[in-house]
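Enquirer: One point on numbering: in our numbering, the residue at position 42 of the sequence shown is 86, and numbering is uninterrupted.
Beta carbons: idealized from backbone N, C-alpha and C, even for Gly.
If you're wondering where the values come from, they're calculated on a predicted model, not measured in any experiment.
One structure is given below, represented as structure tokens, and several questions about it will come after.
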Amino acid sequence: MAKANRETKARKMLWRQLREDRNNYKKYYDAYDKVKDTNPEEAISLKKK
């Protein structure tokens, strides 16, 4: 029983990490799209991060 519980916890942590990564990725690309047309230099510096 303890093993199954541990696996569930690990799976939940993985999914949380994936969700956070996806949200950060979306935020980054929204910011990139905003500055892409108006300020190419800033867009390039954003992309390098």
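Could you tell me the distance, in whole angstroms, from the CA atom of aspartate 81 to the CA atom of arginine 55?
Expert: Position 37 of the sequence shown holds residue 81. Position 11 of the sequence shown holds residue 55. C-alpha separation (whole angstroms): 40 Å.
Enquirer: What first and last residue would you give for the alpha helix (DSSP H) that runs through asparagine 49?
Expert: Along the sequence shown, one-based indexing puts residue 49 at 5. It spans 46-82 - the alpha helix (DSSP H) in which asparagine 49 sits, taken as one unbroken run.
Enquirer: Roughly how many angstroms separate the alpha carbons of tyrosine 72 and aspartate 65, rounded to a whole number?
Expert: For the purposes of this step, residue 72 is identified with residue 28 of the sequence shown, where counting begins at 1. For the purposes of this step, residue 65 is identified with residue 21 of the sequence shown, where counting begins at 1. Distance between the alpha carbons of tyrosine 72 and aspartate 65: 10 Å.
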